[in-house]
Amino acid sequence: MLQVLSKTNLDTTLFIGNDEPTYRIIGINIELFKKGYHCDGIGATATTFMADACCNNVEGLRTRFTKTEVPNRKNSNYSNRSVRTYFKRKVVNDNTGIELIISNIKYHYNVDFSIRISPSLQDQQKLLEGDILSRYSRHIKTTEEMVILPDIYTTMNVDTDDFKPVQEKIDEAQLHLDTIVARTKEFEDNFKIMYPLLVLRSFANVSNRTGANISLSEFDKLSRQSNIIENVSIPSIPARKQFIELCDIFKNNNVIPELKANNFEFRNDHGDLVVSFFGIEMIRERNFKHFQFFDHPGINFCADYLDKSRTLDIIEAKLSKEIITRI
12 MLQVLSKTNL
22 DTTLFIGNDE
32 PTYRIIGINI
42 ELFKKGYHCD
52 GIGATATTFM
62 ADACCNNVEG
72 LRTRFTKTEV
82 PNRKNSNYSN
92 RSVRTYFKRK
102 VVNDNTGIEL
112 IISNIKYHYN
122 VDFSIRISPS
132 LQDQQKLLEG
142 DILSRYSRHI
152 KTTEEMVILP
162 DIYTTMNVDT
172 DDFKPVQEKI
182 DEAQLHLDTI
192 VARTKEFEDN
202 FKIMYPLLVL
212 RSFANVSNRT
222 GANISLSEFD
232 KLSRQSNIIE
242 NVSIPSIPAR
252 KQFIELCDIF
262 KNNNVIPELK
272 ANNFEFRNDH
282 GDLVVSFFGI
292 EMIRERNFKH
302 FQFFDHPGIN
312 FCADYLDKSR
322 TLDIIEAKLS
332 KEIITRI
């Protein structure tokens, strides 16, 4: 529910219901930024209720947006001042916490849009009851500790010049702003595709209480792979063997410490090989050979994903090329 409560040349006051999706709130703030309005501090928001068309009370924020110049590179008066615009909303949707913070940090000519997702206990229980690890392992059973999901964070950064672009950059700036809103909607609608990957982090010795960060652009790429990710299971013996041999080759090379290819990152870290998928650590191991015979859910996921996406040979070729090039 969204309603204009008052509007003057200096202030616009809105009622923003808790049922309004986050992407729409970002879109509203962007449009008001373009007109020179922003929500200035905690005192500009207050929790309240309004009746909807069916006379039901809807909880939300009474939010005042004030006409104020946002600092930009052309506005030298702000260069040495501490300027902060601030909007914060935290709601619970289907038992999942969603927090949005919009801020303008001092000395920075940009606006940050930050979202934090706090997964629900109900979703964690579904992962447990569905024995999520049975997709990737024949021998390891899912436990309550494994399905404790971390908070998920994503942040978007907008140059304030995009709100007041010069004539020749109007289309470019608008495309950038529209992309942020569209990708926020995609993230808000599909963030749960990350849940199985976050469960697998425990097999890379990552605490399930360590927050997970992903950019909107990375999430956009991840969501495009959702059909493959949802069908990943236990890999074929040849695919797992090829992937393990690839890991062994990388771990034992003395030429390249890090390789990024096809949304994967391979990194040597003090004797361990760390393999990440879209920035999520899936594997941290020192000895790979015994996993030819024993299960490792992270290895199984990576091997089967690369096999199903037909990119295992591509990564192997890229690794060989990088090593040969640098010898």
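Read in order, the letters of the sequence shown correspond to residues 12 to 338 in my numbering.
Note that beta-carbon positions come from the ideal geometry of N, C-alpha and C, so glycine has one too.
Predicted, not measured: the structure shown is a model, and the values here were computed from it.
- Where ASN265 is concerned, there is no enclosing beta strand (DSSP E), because DSSP gives it neither an H nor an E.
- When C-alpha distances from TYR97 are compared across ASN20, ILE225, ASP318 and ARG75, the shortest belongs to ARG75.
- Secondary structure at GLY38: helix, using DSSP grouped into helix, strand and coil.
- Per the Cβ contact rule, the region 215–233 is in contact with the region 284–302 (3 or more Cβ pairs under 8 Å).
- Under the three-state reduction of DSSP, GLN236 is assigned to coil, being neither helix nor strand.
- According to the DSSP assignment, LEU25 belongs to the beta strand (DSSP E) that extends over 22–28.
- In chain order, PHE76 place their CB closer than 6 Å to the CB of LEU43, counting only its own chain and leaving out the 5 sequence neighbours on each side.
- Residue pairing by DSSP places VAL15 opposite LEU25 in a beta bridge.
- In this structure, ILE239 keeps its C-beta atom at 8 Å or more from the C-beta atom of TYR120.
- Sixteen is the threshold: when 16 or more other Cβ atoms of the shown chains lie within 10 Å of the Cβ of PRO130, as they do, the residue is buried.
- GLU199 counts as buried, since no fewer than 16 other beta carbons sit within 10 angstroms of its beta carbon.
- The beta carbon of ASP30 sits closer than 7 Å to the beta carbons of MET12 and VAL69 from its chain, once the five residues preceding and following it are set aside; these are given in chain order.
- At a Cβ-Cβ threshold of 8 Å, MET157 and VAL210 count as neighbours.
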